[in-house]
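>
In my numbering, the protein residues as written are 92 to 612.
(1) Just mark residue 95 as buried or exposed, buried being the case when its beta carbon has 16 or more other beta carbons within 10 Å.
(2) May I have the straight-line CA-CA distance separating residue 161 from residue 513, to the nearest angstrom?
(3) Between which two residues does the beta strand (DSSP E) holding residue 560 run?
(4) Specify the secondary structure class of residue 204 as computed by DSSP and reduced to three states.
(5) What would DSSP say about residue 336, mapped onto helix, strand or coil?
(6) Checking 8 Å against the spacing of the C-beta atoms, do residue 196 and residue 207 come in under that value?
(7) Could you compute how far the alpha carbon of residue 602 sits from the alpha carbon of residue 572?
(8) Hey, which unbroken runs of the alpha helix (DSSP H) at 4 residues or more fall wholly within the stretch 190 to 237?
(9) Give me, in chain order, the residues of the same chain whose beta-carbon lies closer than 7 Å to that of residue 193; leave out the 5 immediate sequence neighbours on both sides.
(10) For residue 480 and residue 365, what's the separation of their Cα atoms in angstroms?
(11) Taking 7 Å as the limit between beta carbons, can you name the residues of its chain near residue 307, skipping five residues before and five after?
(12) Please return the same chain residues whose Cβ sits closer than 6 Å to the Cβ of residue 408, not counting the five positions on each side in sequence.
(13) If we count Cβ pairs, one from each stretch, closer than 8 Å, do we get three or more for the stretch 260 to 279 versus the stretch 310 to 321?
(14) Express the C-alpha separation of residue 107 and residue 120 in angstroms, rounding to a whole number.
(15) In chain order, what residues of the same chain have a beta carbon less than 8 Å from the beta carbon of residue 153, not counting five sequence neighbours either side?
(16) So, under 8 Å CB-CB, residue 477 and residue 355 are touching, yes? Tell me the CB distance rounded to an integer number of Å.
(17) Helix, strand or coil, according to DSSP, for residue 455 in the structure here?
(18) Taking the alpha carbon of residue 599 as the point to measure from, which residue in 204, 486, 219, 105 has its own alpha carbon closest?
(19) With distances taken Cα to Cα, identify the nearest neighbour of residue 333 among 557, 456, 561, 300.
(20) Using beta-carbon positions only, say whether residue 483 and residue 437 come within less than 8 Å of one another.
(21) Taking 8 Å as the threshold (beta carbon to beta carbon), is residue 435 in contact with chain C?
(22) Exposed or buried, residue 488, counting other C-beta atoms within 10 Å across all chains shown (16 or more means buried)?
(23) Touching or not, the stretch 497 to 510 and the stretch 139 to 159, by the rule of three or more beta carbon pairs under 8 Å?
(24) Are the Cβ atoms of residue 613 and residue 428 separated by less than 8 Å?
(25) Between residue 345 and residue 410, how many whole angstroms is the CB-CB distance? I'm expecting something under 8 Å.
(26) Determine the direct distance from the alpha carbon of residue 349 to that of residue 141, and round the result to whole angstroms.
(27) What's the call for residue 139, buried or exposed, on a 16-neighbour Cβ count within 10 Å?
(28) What are the boundary residues of the alpha helix (DSSP H) that residue 554 is part of?
(29) Looking at the secondary structure, which residues open and close the alpha helix (DSSP H) in which residue 150 lies?
(30) Measure the CB-CB distance between residue 236 and residue 273 and report whether it falls below 8 Å.
(31) Taking 6 Å as the limit between beta carbons, can you name the residues of its chain near residue 417, skipping five residues before and five after?
(32) So the candidates are 174, 157, 173; which of them puts its Cα closest to the Cα of residue 166?
(33) Helix, strand or coil for residue 605 per DSSP?
(34) When we look at the beta-carbon of residue 279 and count the other beta-carbons within 10 Å, is it buried (16 or more) or exposed?
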């Protein structure tokens, strides 16, 4: 959360520094930057998607005593009243309150649902998977890229070899660590790092071929540093899946997409419309005539975009009419417009996030279970990119919304925003309560501690119809900590349900390799 706050704060702060002439303006800029950081943090870490609304409505509908052929709205209202008044109890399994929203994409029969997880669920569920470990590391890599892009505004940037060596070593380490931490993040942030390098050279020295050549060479250098700093891992790591293919199953519907990203899109679309309108007001006939070649390229690109839209829609990609035009507009605003560097960066974040959501509609990693993990891993990246972009954009938009919009327009926008925020708040409120209800230690015996094993001293785990007291395992694991050296292989009994059982508990809590792993892992 702190990393996301810092990036949003500094983007807003950087956007106004050149216009700050007195203390009052500096204080106002500081407050706006604080607002951007807080909003970005809330979006990234504390809010959920809008899927919890569907969970609530399902619970209400099931609690109704009206006949099944009654109007669905009446059934929902009847069940909702019964639950709120305490005359009925929800029939939903407690885990559904924190699980269903993370499977928000519709699927065909026989498919495995893609995971639509977001950071609040990640920390609530507490599974120490690779995507959790890499979350702060991705923010670090993004911070390096943003800082490099912002440096393009500076005339007095240090030019010593030592400064450059430290800067590129930090970038290589920040991006390189993503491969051993969570390899799905690595290619995305190599590309984002490359964007930052090209942007820096373009803003500093223009679009000359030699300049772009320098940017390409530095991108390769960044990649090599990221590779060499973690070469022992690269040299010894083997992956069973390393190729992609076209996805042939069901696609994300517009409804699914809005359920996941609806709150972000309200801000993003408003921001894109606002910035495009502001930019278009600077156009002049003489300027357009002078830019005849770029204008012709833009017209040709629009035709190409229209053809791509028709073709992709014909193949069943339902989100394309929404996503592809937004990618095109944010890309144009990042590259072609006369806007400030921080705003260009935010447009790049938007285009990158939208592009990733379109990528997983078309491609899937070979060996994935359906496209479960392909969607999951890239959607987590998108959540962070959108959080920073939306938090920053909100504070840039706020003066316009408050001072320039009509009362009607402002009321409609604020009402929509309030409704979406309320829907996103339902998840942390209801999911946290449900997760607390089904925790292992219902008697509150376990201490509040950072020791991840301490709970084992107090709980019994139900596994395949058997109750397994974990306090004996705790004692055995502590003995192993004290007496086993090196990395000997652990041979544990295989259970019939390897993912949900405690069959791998010794390997899990000691970090020693096991013969038998989990299903789907």
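Ideal Cβ positions, reconstructed from N, Cα and C, are used throughout, including at glycine.
Straight from the coordinates:
(1) buried
(2) 29 Å
(3) That run of the beta strand (DSSP E) goes 557 to 560.
(4) DSSP places residue 204 in the coil class of the three-state scheme, outside both helix and strand.
(5) strand
(6) yes
(7) 10 Å
(8) If only complete runs of 4 or more residues are kept, the stretch 190 to 237 shows the alpha helix (DSSP H) at 210 to 216, in order along the chain.
(9) 206, 207, 208, 212
(10) 14 Å
(11) none
(12) Hits under 6 Å: 342, 452.
(13) yes
(14) 7 Å
(15) Excluding positions up to five away in sequence, the list reads 170, 181, 182, 183.
(16) 4 Å
(17) strand
(18) 219
(19) The residue with the shortest Cα to Cα distance from residue 333 is 456.
(20) yes
(21) Although the question refers to chain C, the structure presented lacks it and comprises just one protein chain.
(22) buried
(23) With the cut-off at 8 Å, the stretch 497 to 510 and the stretch 139 to 159 do not touch.
(24) No statement about residue 613 is possible, as the shown extent of the chain runs from 92 to 612 and does not include it.
(25) 6 Å
(26) 8 Å
(27) buried
(28) Run containing residue 554: none in the alpha helix (DSSP H); it sits in the beta strand (DSSP E), 551 to 554.
(29) 143 to 153
(30) no
(31) 445
(32) 157
(33) In the displayed model, residue 605 falls within a strand according to three-state DSSP.
(34) buried
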